[in-house]
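Below is one structure; the comments refer to it alone.
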Amino acid sequence: MKLTIERGLLLKVLTHIQSVVERRNTIPILSNVKFDAPDGNLSLNATDMDLDIVETVPADVAAQGSTTAPAHTLFDIVRKLPDGAQVELDCTGGDNSLVLSAGRSRFTLTCLPTEDFPVLSGGDLPHKFSLSAGGLRNLIDRTRFAISTEETRYYLNGIYLHEADNEGTTVLRTVATDGHRLASIEVPLPEGAAGMPGVIVPRKTVTELRKLIDETVDDVLVAMSDTKIRFSFDGAVLTSKLIDGTFPDYDRVIPAGNDKVLEVNTNSFSDAVDRVSAISTEKSRAIKLVLSSGNLTLSANSAENDSAVEELPVDYTSEEMEIGFNSRYLLDIAQQIDGDTAKFTLADSASPTLVQDSSDRSALYVLMPMRV
Amino acid sequence: MTIRLLPTTTVNRIAAGEVVERPASAIKELVENSIDAHARRVDIVLRDGGRSFLSVADDGIGITREELPLSMERHATSKLLNDNLETIATFGFRGEALPSIASVSRLTITSRQKQAADAWTLRVEGGTKFETKPAAHVTGTTVEVRDLFYATPARLKFLKTARTELNHVLDTVRRLAMAHPEIAFSLRDGERQVLKLSHAQGDMIDARLDRLDAIMGNDFAANAIPIEADRDGLFLSGFAGLPTLNRGSPTHQYLFVNGRPVRDKLLYGAVRGAYRDFLAHDRHPLIALFLDVPPEAVDINVHPAKTEVRFRDAGLVRGLIVSALKHALAAAGHRASTTVADAALGAFRPEIGGVPVSVHRATPISRNVSGPALSFQAPVAQTADLSRLDTAPTARFEPELVTARDDPAESFPLGVARAQVHETYIVAQTEDGIVIVDQHAAHERLVYEEMKAAMEQDGIKRQGLLIPEVVELEEVAANRISGRATELSELGLMVEAFGPGAIVVRETPALLGEVDIQGLIKDLADDLAEYDEALDLKSRLAEVASTMACHGSVRAGRRLNGKEMNALLRQMEVTPHAGQCNHGRPTYVALKLVDIEKLFGRR
Chain A
159 MKLTIERGLL
169 LKVLTHIQSV
179 VERRNTIPIL
189 SNVKFDAPDG
199 NLSLNATDMD
209 LDIVETVPAD
219 VAAQGSTTAP
229 AHTLFDIVRK
239 LPDGAQVELD
249 CTGGDNSLVL
259 SAGRSRFTLT
269 CLPTEDFPVL
279 SGGDLPHKFS
289 LSAGGLRNLI
299 DRTRFAISTE
309 ETRYYLNGIY
319 LHEADNEGTT
329 VLRTVATDGH
339 RLASIEVPLP
349 EGAAGMPGVI
359 VPRKTVTELR
369 KLIDETVDDV
379 LVAMSDTKIR
389 FSFDGAVLTS
399 KLIDGTFPDY
409 DRVIPAGNDK
419 VLEVNTNSFS
429 DAVDRVSAIS
439 TEKSRAIKLV
449 LSSGNLTLSA
459 NSAENDSAVE
469 ELPVDYTSEE
479 MEIGFNSRYL
489 LDIAQQIDGD
499 TAKFTLADSA
509 SPTLVQDSSD
519 RSALYVLMPM
529 RV
Chain B
14 MTIRLLPTTT
24 VNRIAAGEVV
34 ERPASAIKEL
44 VENSIDAHAR
54 RVDIVLRDGG
64 RSFLSVADDG
74 IGITREELPL
84 SMERHATSKL
94 LNDNLETIAT
104 FGFRGEALPS
114 IASVSRLTIT
124 SRQKQAADAW
134 TLRVEGGTKF
144 ETKPAAHVTG
154 TTVEVRDLFY
164 ATPARLKFLK
174 TARTELNHVL
184 DTVRRLAMAH
194 PEIAFSLRDG
204 ERQVLKLSHA
214 QGDMIDARLD
224 RLDAIMGNDF
234 AANAIPIEAD
244 RDGLFLSGFA
254 GLPTLNRGSP
264 THQYLFVNGR
274 PVRDKLLYGA
284 VRGAYRDFLA
294 HDRHPLIALF
304 LDVPPEAVDI
314 NVHPAKTEVR
324 FRDAGLVRGL
334 IVSALKHALA
344 AAGHRASTTV
354 ADAALGAFRP
364 EIGGVPVSVH
374 RATPISRNVS
384 GPALSFQAPV
394 AQTADLSRLD
404 TAPTARFEPE
414 LVTARDDPAE
424 SFPLGVARAQ
434 VHETYIVAQT
444 EDGIVIVDQH
454 AAHERLVYEE
464 MKAAMEQDGI
474 KRQGLLIPEV
484 VELEEVAANR
494 ISGRATELSE
504 LGLMVEAFGP
514 GAIVVRETPA
524 LLGEVDIQGL
534 IKDLADDLAE
544 YDEALDLKSR
554 LAEVASTMAC
564 HGSVRAGRRL
574 NGKEMNALLR
584 QMEVTPHAGQ
594 CNHGRPTYVA
604 LKLVDIEKLF
614 GRR
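Protein sequences appear in the order of chains A and B.
If you read the first sequence in the working numbering, its first letter stands for residue 159, the second for the next number, and so on.
If you read the second sequence in the working numbering, its first letter stands for residue 14, the second for the next number, and so on.
Set out below in structure tokens:
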């Protein structure tokens with residue numbers, strides 16, 4: 159294999175690829191990126207055995223072929239090359255090494271045989287549909303903060319992507335929860351998605367996918383089976399295994415009977431929470447909300463008996479009540495609300511509270527109170 | 014096959030299987046008989062670790078000629094007055110020990126009562142009694158056992174080497190001796206004197222400490238806090254080691270109930286609970302506790318060997334032990350273990366013949382080596398660890414402190430700060446010596462104690478679970494957990510029973526963040542079964558608190574000025590448990606002027 163490629167183009171692809179590659183591996187080949195150069199194109203492939211990414215870019219191919227080389231080292235080299243440099247990759251020397259030259263620099267990297275590179279077989283992916291990149295970004299952003307990090311409940315370590323029914327219309331919905339809070343957002347069901355299985359997409363896949371589609375404008379093609387999911391866009395293909403587990407029946411925890419409605423200005427609310435919580439040095443960062451007619455009082459106490467109080471004019475007409483929350487959870491949710499007004503629907507100090515954007519009903523958040 | 018009654022010898026051998034397991038258990042039975050007979054001295058002789066010969070001689074009340082044959086009958090005893098098993102005040106009561114031992118060995122018992130003119134002896138072989146014969150003997154009883162287990166070859170094969178058996182005997186005798194300082198014990202194996210303990214003098218406390226000193230080593234006696242507590246008729250006394258004196262296994266924890274050495278999980282759990290704040294979980298303190306309870310409050314008749322007991326109210330006993338230990342530890346919060354200071358002094362000792370003196374093996378100078386001897390040993394030019402001190406450029410001088418020679422602060426227990434060395438240790442001068450404080454360890458403890466107090470005052474905040482977690486357990490374990498629901502909710506964990514064999518968790522301590530609930534509950538169930546206390550939850554909370562304490566405290570390497578150092582010292586004086594860090598290491602070492610003078614051969 160021998161080819162020339164522009165430094166910027168190679169760097170962009172390697173940036174994507176190398177973040178899939180784990181820093182430390184017990185299987186040496188997993189540290190490597192696989193190069194494949196058929197005519198006029200260079201495709202790079204990296205995997206951690208659960209997640210596999212292939213990205214193809216145009217290149218000036220002088221001799222076809224393939225090889226594998228250490229991903230992080232390559233990334234580091236290309237990153238440090240001067241802007242606009244032409245990079246030549248050559249492994250025709252036959253001594254099992256890849257020679258990278260650019261300008262006056264020359265690097266020789268040891269290769270591992272291409273045949274050893276694991277192939278994450280896609281298998282049959284019967285369900286196919288396309289989603290706008292913006293829509294997919296939204297589906298991820300609004301939920302991923304609530305993904306659980308607790309490894310023993312592995313089935314919560316991802317976002318649940320599934321077909322759901324919302325008052326008669328079928329929608330595509332993502333849900334994530336860590337047992338303390340839950341986030342859910344939906345988009346109209348895209349064509350071809352009907353009958354798709356409900357799948358749990360692992361956190362690492364979600365993170366990588368979100369990075370890759372940050373600037374994508376075109377639609378993202380989604381294909382899936384019970385065990386695998388594949389996203390294709392911009393010349394990149396991301397294939398991932400799914401979490402083999404049953405997502406809990408989350409419908410039951412979304413409160414339906416909450417009758418006290420509180421509407422606040424999103425920004426002033428989250429600023430106030432942020433300010434008041436500065437006083438609580440504790441790890442749990444508890445904050446107390448006292449609701450009375452037209453007024454919300456936020457307060458916090460520290461172990462050293464310091465305290466903070468802030469009042470906020472709000473839209474609230476029900477009877478007075480008190481409720482405690484983890485302030486970090488409140489801030490996380492407030493951050494997700496783009497609209498001016500956030501709507502809280504509450505029942506009592508021990509029951510889950512529902513939070514929504516007043517102007518956008520597609521997303522909802524459920525938060526369990528803290529006993530303070 | 015027809016059903017028939019077993020012959021008496023067989024019955025005795027079966028009983029012997031339960032009671033007499035090895036020479037050590039025979040010794041235990043015989044020595045207990047001696048103690049019950051009000052002996053003042055007990056002499057034990059072994060050969061081959063007791064495999065071929067063992068004898069126990071005492072100066073107790075003795076046995077009459079008429080009683081001798083009867084003593085070899087099963088269920089014959091002089092001890093169980095009123096035939097009431099509820100109130101057992103003696104060691105023995107089953108009347109099984111002697112006939113059991115006699116049924117598996119060649120036994121000779123010789124005895125003379127105080128008033129009696131003659132001594133009599135009786136020989137029994139494999140359960141067959143011979144005639145009583147007159148003999149020569151002082152007041153008291155001697156039991157000689159030859160060829161133990163010759164009649165039960167199977168048991169004989171299971172005996173270990175003479176050395177192992179001797180160790181078991183030694184352990185048994187030590188335990189009995191600890192509980193009875195008023196009795197002199199001696200143990201000989203062949204020609205070797207293994208143990209010799211004289212009558213301990215003084216009142217009960219002094220006598221006990223004397224005896225413990227002889228058995229557990231003088232480290233223990235020097236670092237022990239006396240314990241005394243009573244509650245509802247239970248009386249607890251004894252000694253607890255300072256946390257800075259710790260071991261890798263709990264083998265040095267002794268519990269005596271009414272003078273009877275017992276091995277009880279209850280003790281280990283209570284000790285773990287009381288020392289939780291001071292020791293890493295794999296370190297164990299040294300402890301000897303003596304519990305006196307009314308005979309009716311404890312059931313000794315659990316196992317023939319009587320090493321297990323059952324308390325009528327185990328919770329009360331546990332509570333008594335934990336609170337007594339905690340109380341004593343709080344009171345001793347400022348007594349850094351003398352081993353630490355000794356080790357420090359040992360490290361300061363000049364090298365002898367070029368071989369560095371290991372810190373851990375260093376003998377306490379103050380006790381064993383006289384001043385002139387030490388100076389005589391010291392080669393002139395070698396200064397070992399001291400050399401590090403004079404090359405330390407970071408030692409700072411605090412002029413404004415040194416001028417204050419008549420500073421009233423010097424009368425404080427931790428003295429007045431004179432300098433900070435290596436930005437890590439504070440050197441303070443007290444009235445009669447110096448104190449070296451590890452600033453990070455000390456401040457960490459202060460912050461931790463503060464946090465603990467805050468936690469107790471405000472309660473532990475609970476985060477509700479959106480999806481209550483159901484944990485499947487064995488039915489017993491589930492009941493155990495749901496039975497303690499109120500106590501657990503105070504620790505921030507809300508649980509409810511969820512049908513048989515399952516519990517549902519609704520709220521968890523907010524401090525723990527996202528927690529592995531299944532694992533937590535299962536560990537808790539084990540803790541409750543084992544120690545009857547929610548240790549795991551408490552230790553997890555403490556762990557979070559101590560991590561935060563560690564982050565929130567002054568690090569090693571931070572420069573402190575004189576005021577800051579003194580403030581730290583004053584705070585340490587008023588904070589409980591400031592003498593140890595969270596892991597059982599000392600936060601400061603106090604060196605007496607006398608010891609320093611000895612280092613320089615001035616005394």
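All residues carry an ideal CB built from backbone N, CA and C; glycine is no exception.
Fair warning: this is a prediction, and the values are worked out from it, not measured in the lab.
C-beta contact flag for A/V530 and A/A444 at 8 angstroms:
yes
Entirely enclosed beta strand (DSSP E) segments - the stretch 467-532 of chain B, minimum 3 residues:
475-485, 507-510, 515-522
Taking the alpha-carbon of A/G497 as reference, which of A/F483, A/L456, A/V422 has the nearest alpha-carbon?
A/V422
Nearest-angstrom beta carbon gap, A/T328 and A/E321 [assumed within contact, 8 angstroms]:
6 angstroms
Which of the three DSSP states, helix, strand or coil, is assigned to A/K286?
strand
Closest residue to B/V311 among B/A341, B/N271, B/A301 (Cα-Cα distance)
B/N271
Beta-bridge pairing of A/D406 - partner residues as DSSP gives them
Before going on, a small fix: residue 406 of chain A reads as Pro here, not Asp. In the DSSP output, where bridge partners are listed per residue, A/P406 has none listed.
For B/G477, which residues in chain A fall below 8 angstroms Cβ to Cβ?
H338, A508, P510, M526, P527, M528, R529
Going by beta carbon distance, what residues of the same chain come within less than 6 angstroms of A/F533, once the five residues before and after it are set aside?
Within the shown structure, residues of chain A are numbered from 159 to 530, placing residue 533 of chain A beyond reach of any answer.
Start and end residues, beta strand (DSSP E) containing A/I358
357-360
At a Cβ cut of 7 angstroms, what residues of the stretch 405-423 of chain A count as close to chain B, listed as they run along the chain?
P406, V411
Using the Cβ count rule (16 or more neighbours within 10 Å means buried), how would you classify B/L98?
exposed
Within chain B, the residues that A/T307 reaches when beta carbons sit closer than 8 angstroms
E527
If we cut at 8 angstroms on Cβ distances, does A/A505 have a partner in chain B?
no
From B/M229, B/I480, B/E543, pick the residue whose C-alpha is nearest to that of A/R311; which is it?
B/I480
Looking at the structure shown, is B/R458 part of a helix, part of a strand, or coil, going by DSSP?
helix
Closer than 6 angstroms by C-beta to B/I222: which residues in its own chain qualify, once you throw out the five before and the five after it? Chain order, please.
Before going further, note that residue 222 of chain B is Leu rather than Ile in the sequence given. Counting only Cβ-Cβ distances below 6 angstroms, and skipping sequence neighbours, we find A234.
Could you tell me which of B/D131, B/Q584, B/V557 sits nearest to B/N595, measuring between CA atoms?
B/V557
Cβ-based burial, B/Q214 [other Cβ within 10 Å; buried from 16]:
exposed
Counting only runs that start and end within the stretch 215-295 of chain A, where is the beta strand (DSSP E) found for 3 or more residues in a row?
218-221, 223-228, 244-248, 255-260, 263-268, 285-290
Under the three-state DSSP convention, the category B/V284 falls into:
helix
Can you list, in chain order, the residues of the stretch 459-471 of chain A whose Cβ is nearer than 7 angstroms to any Cβ on chain B?
A461
Please decide whether B/A467 counts as near chain A, where near means a Cβ-Cβ distance under 8 angstroms.
yes
If you draw a straight line from the C-alpha of A/V524 to the C-alpha of A/S290, how long is it?
26 angstroms
A/R433 burial status per 10 Å Cβ neighbour count (16 or more: buried)
exposed
Could you tell me which of A/N425, A/R237, A/G198 sits nearest to A/T499, measuring between CA atoms?
A/N425
Candidates A/T475, A/L512, A/E477, of which the one nearest A/F483 by Cα
A/L512
Could you please give the first and the last residue of the uninterrupted alpha helix (DSSP H) stretch that includes A/R165?
165-176
Please confirm whether B/E509 has its beta-carbon closer than 8 angstroms to some beta-carbon of chain A.
no
Along chain A, in chain order, which residues have C-beta atoms closer than 7 angstroms to that of B/K474?
S442, A444, M528, R529, V530
Using alpha carbons as the reference points, say which of A/R264, A/L169, A/D274 lies closest to A/H230.
A/L169
So the beta strand (DSSP E) A/T389 belongs to, where does it begin and stop?
Looking at the sequence shown, residue 389 of chain A is not Thr but Phe. 386-391 is the extent of the beta strand (DSSP E) around A/F389.
Contacts around B/R380, its chain only, beta-carbon distance under 6 angstroms, and the 5 residues preceding and following it disregarded
Only weak support is given to the placement of B/R380: the predicted model assigns it a pLDDT of 39, under 50, and the value that follows is read from those uncertain coordinates. Contacts found: none.
B/I228 and B/R187 - do their beta-carbons sit closer together than 8 angstroms?
yes
With DSSP run on the structure shown, which of helix, strand or coil describes B/Q442?
strand
How long is the line joining the alpha carbons of B/F143 and B/M85, rounded to whole angstroms?
11 angstroms
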